[in-house]
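Working notes, beginning with the structure itself.
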Amino acid sequence: MTHDEFEAAMVFHGHKCPAMPLGYRAAQAAMRALGVERAEDKELHVIAETGKGHAAGCFLDGVMSATGCTYGKSNIEKRYYNKMAFTLIDVKTGRSVRVRLKDEFFGNMLNSPFVAQRKQGIAPQDIPAEVTDPLVNKVISMPEEMFLDIGLKKPFELPRGKSCFDTELCAKCGERVFVDKLIDTEAGRLCIPCQEKLAGHTVSSFC
446 MTHDEFEAAM
456 VFHGHKCPAM
466 PLGYRAAQAA
476 MRALGVERAE
486 DKELHVIAET
496 GKGHAAGCFL
506 DGVMSATGCT
516 YGKSNIEKRY
526 YNKMAFTLID
536 VKTGRSVRVR
546 LKDEFFGNML
556 NSPFVAQRKQ
566 GIAPQDIPAE
576 VTDPLVNKVI
586 SMPEEMFLDI
596 GLKKPFELPR
606 GKSCFDTELC
616 AKCGERVFVD
626 KLIDTEAGRL
636 CIPCQEKLAG
646 HTVSSFC
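If you want my numbering, it's the position in the sequence shown, counting the first as 1, plus 445.
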């Protein structure tokens with residue numbers, strides 16, 4: 446991971462911490478294992494095993510920065526296993542690789558001075574540079590075999606749906622919706638929230 450790569454990823458992520466470059470380097474290792482480049486569109490797909498409310502969120506931002514797999518492009522999904530691990534899939538060939546942090550390394554990182562301050566409720570951007578920088582520099586420079594476990598997996602066959610460009614107005618709220626998510630009802634073609642309200646269901650946060 447070069448200095449420029451780290452700086453660009455940090456702009457995306459928002460603060461300096463060790464978990465983001467761990468994810469970035471893990472993703473770089475996965476791409477090298479598959480012999481692929483960063484995704485421009487949907488050439489790659491990530492299945493993340495991370496959760497939320499802990500350092501795995503920062504780890505995943507590093508993975509997204511390196512691979513180009515983003516929620517906007519819909520080529521990443523999250524399983525909420527609360528593991529520092531992910532699978533990277535080459536969509537064209539179906540080849541995939543699973544990468545995770547080695548258990549001993551992961552445990553040692555959680556005993557670092559940086560994490561000690563995070564446990565006290567100190568925001569990562571407020572932790573002194575003399576605590577953060579040595580750990581980040583170590584993550585950026587150490588050999589990947591010291592902290593990564595990389596294993597090839599069985600081929601994946603991902604569904605390849607075509608992008609939808611056609612829209613209509615929802616018959617209830619009047620908002621424009623891509624037609625592949627409109628639902629035919631007696632009240633007309635409705636968006637998901639309006640259809641769920643009509644049916645008396647709790648409205649989904651997102652589909």
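From the three backbone atoms N, C-alpha and C, an ideal C-beta is built for every residue, glycine too.
DSSP places leucine 467 inside the alpha helix (DSSP H), whose first and last residues are 464–479. For the pair of segments examined, the region 457–471 was found to touch the region 502–516: the number of CB pairs separated by less than 8 Å reaches three. Setting aside the 5 residues that flank it on each side, isoleucine 534 is surrounded in the same chain by Leu489, His490, Val491, Ile492, Arg540, Ser541, Phe601 and Leu603, each with a C-beta closer than 8 Å to its C-beta; the list follows chain order. In this structure, methionine 554 sits away from threonine 512, with a CB-CB distance that is not shorter than 8 Å. In the DSSP annotation of this structure, the continuous segment of the beta strand (DSSP E) that includes leucine 597 starts and ends at 593–598.
Selection Leu593, Pro466, Thr495 and Leu635 evaluated against threonine 447 yields Pro466 as nearest (Cα-Cα). For histidine 448, the enclosing alpha helix (DSSP H) stretches over residues 448–458.
Three or more pairs of CB atoms, one per stretch, sit closer than 8 Å, so the region 515–533 contacts the region 481–488. If you draw a 10 Å sphere on the C-beta of phenylalanine 623, you find fewer than 16 other C-beta atoms in it, and that means exposed. Looking at the backbone, the Cα of glutamine 562 and that of glycine 596 are separated by about 33 Å. Counting only runs that start and end inside the region 495–574, the beta strand (DSSP E) elements of at least 3 residues fall at 521–523, 530–535 and 541–546.
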